[in-house]
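In this note's numbering, the protein residues as written are 287 to 378.
Data first, discussion second: the structure below is written as structure tokens.
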């Protein structure tokens, strides 16, 4: 999905840390390497909406994480949702 240049990915996961770890691995293995910047809800959805127009014309991507899907109506048509399951326990 990152290579397909979706401007906004919304990852649903109850734990943010595993998602961040996977994203860091993807960023390091990407050619060219990608830089990760972290954003929080305090900055507001309007900042994200403003960036999406620019990101549609560039290789940049916004990836958000949350335990539930909660988006303003104006962003619902622009987002690609990914369900990120909990890690499985080691099978003995």
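Note that the Cβ used here is the ideal one computed from N, Cα and C, for glycine as well.
Exposure label - residue 358; buried when at least 16 CB within 10 Å: exposed
Residue 305 - DSSP class collapsed to helix/strand/coil: Correct three-state label for residue 305: helix.
Helix, strand or coil at residue 332 [DSSP, three-state]: In the structure shown, residue 332 sits in a helix (DSSP, three-state: H, G or I).
Distance, residue 345 Cα to residue 334 Cα: 16 Å
Bridge partners - residue 352, DSSP secondary structure assignment: 298
Host beta strand (DSSP E) of residue 367 (start-end): Secondary structure note for residue 367: its beta strand (DSSP E) is the uninterrupted segment 366–369.
Reduced DSSP secondary structure (H/G/I, E/B, other) of residue 317: coil
Neighbourhood of residue 337 by C-beta, 6 Å cutoff - its chain only, sequence neighbours within 5 removed: none
Neighbourhood of residue 293 by C-beta distance below 6 Å, restricted to the same chain and skipping five residues each side: So the list reads 338, 341, 342, once near-sequence residues are dropped.
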